[in-house]
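2 protein chains.
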Amino acid sequence: MATQARERLIATAETLFYQRGIQAVGISELIDASGVGRASFYRHFDSKDALVHAVLRHRNERALAALEAALAGSDGSPLGVFDVVAERYGQADFRGCAFINAMVEAADRGSETHRIARAHKLAQIEIIARQLEQAGHSPSGELARDFQLLIDGAVMGVLREGNLEPVERAKQIAARLLHL
Amino acid sequence: MATQARERLIATAETLFYQRGIQAVGISELIDASGVGRASFYRHFDSKDALVHAVLRHRNERALAALEAALAGSDGSPLGVFDVVAERYGQADFRGCAFINAMVEAADRGSETHRIARAHKLAQIEIIARQLEQAGHSPSGELARDFQLLIDGAVMGVLREGNLEPVERAKQIAARLLHL
DNA sequence: GCCGCTTGGAACCGATCAGTACCGTTTGCG
DNA sequence: CGCAAACGGTACTGATCGGTTCCAAGCGGC
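Below, the structure written as structure tokens:
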């Protein structure tokens, strides 16, 4: 075997944590699902929390890279982020934003989980701000934060209603914020 | 004793669940904090889930009544809901929207918890829609759903940043949606 | 004063939790 | 070939989980 127990653990945990929630997934289940020995788990991670943080950091990098790649392949419109979001939230296994979910589950606002989730959102705002700036809008970042607010509102709407209409509404509102 | 174990359980659970999350609060802790006998708990509720649902339903009624009361005492502007929200989210113990949090924790989209949380949001949208209609806007409910999207986005922003600026931004965006 | 209902307290249940220790095996490298 | 590191599997820890059961005390109404 020996083929990267760490990577397998992170990949399996990423899926299980997202599908069922972090607290709801026990170490034993995670170990069974990943085919990794129990001892190997604790050789790679000091605790479940450490794994959670590693999963979130990994997901952060993947999500940001995917967003940048998708935006690079689009027409450059600042509204493109809503199309990326729509496709992401249209997946069959959609269960909300993993970072929002993690932030909600980790009640402690000073926790590392909170910090990582917040950092992810700030990084995403930064990407949006760059797109806006390239389109000739003010570099204040205010519009980008408004876009993020619309995205976060849309993700809750999609989770609640089970369809992508909230993303479409958010995009239209964003469009209205643009030409003004 | 004998003074309504049920009410005490719901009140205690409402506080503990909100502060620390539903899954994070065990039955034993809840019983200790409320001063209720363990047996009394299970006389009033079939399971922890039943208590969770009762708490959410109770909170739903309280929140909706408080919103209606606050709106009745305001100037009748459709934007009044954002002021209500701002005051609510400015509380020191703020930890997001209890219904969103419950929906996130209960991963199962078909669960009763999901149903209750969704019903709460729909009822709130209905209240907003009525305010909008009274102000002469279209009764389609589309604007009300947009307002709810802005509110949900704002609550995540407040949770993330720790200040009320997102609510102010949401209100300004809503204002822009109004005169158009 | 007595009866019936609700109460709080405690003991107990099997299951599961996160985390530790030790095992024999497999793997990559010199 | 041989060694060392990484591995998977199992057994175990104490703590806590949600839930059940029994009991004695307190209360209200008749």
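Protein chains in written order, with the numbering used here: chain A, 1 to 180; chain B, 181 to 360. Ideal Cβ positions, reconstructed from N, Cα and C, are used throughout, including at glycine.
Not one beta carbon of chain A lies nearer than 7 Å to the beta carbon of B/R237. Taking the Cα of A/A123 as reference, the smallest distance to any Cα among A/T12, A/F45 and A/F99 is reached at A/F99.
The contact set of B/R200 on chain A, defined by CB atoms closer than 7 Å, consists of A107 in chain order.
Residue burial annotation: B/D332 is buried, with at least 16 other C-beta atoms found within 10 angstroms of its C-beta. At least one beta carbon of chain A lies nearer than 7 Å to the beta carbon of B/P346. Just measuring C-alpha positions, the residue of B/M336, B/L357 and B/R356 sitting nearest B/V347 is B/M336. If you compare the alpha carbons of A/A72, A/L177, A/V55 and A/R169 with that of A/A86, the shortest gap goes to A/R169. Excluding sequence positions up to five before and after A/R6, its CB lies within less than 6 Å of the CB of H44, all in the same chain and listed in chain order. Straight through space, the alpha carbons of A/A66 and A/E126 are spaced by roughly 15 Å. In this structure A/H53 touches A/I116 by the C-beta definition: roughly 6 Å separates them, less than 8 Å.
Nearest neighbour of B/R188 by Cα position, chosen from B/G316, B/Q328, B/F197 and B/V216, turns out to be B/V216. Taking CB atoms only, A/D49 has no neighbour in chain B less than 7 Å away.
Shown here, A/P78 sits in coil according to DSSP, grouped into three states, outside any helix or strand.
Around the beta-carbon of A/E29, fewer than 16 other beta-carbon atoms lie within 10 Å, marking it exposed. With respect to B/S220, B/T192 sits apart: the two C-beta atoms are not nearer than 7 Å.
If you ignore the 5 residues before and after A/A154, its C-beta comes within less than 6 Å of the C-beta of P166, V167 and A170, all in its own chain and listed in chain order. Taking all protein chains in view, the Cβ of A/Q4 is surrounded by fewer than 16 other Cβ atoms within 10 Å, so the residue is classified as exposed.
Taking B/A282 as reference, the option from A/R145, A/R160 and A/D146 with the minimal CA-CA separation is A/R160. Spanning the alpha carbons of A/L16 and B/A204 requires a straight line of approximately 19 Å.
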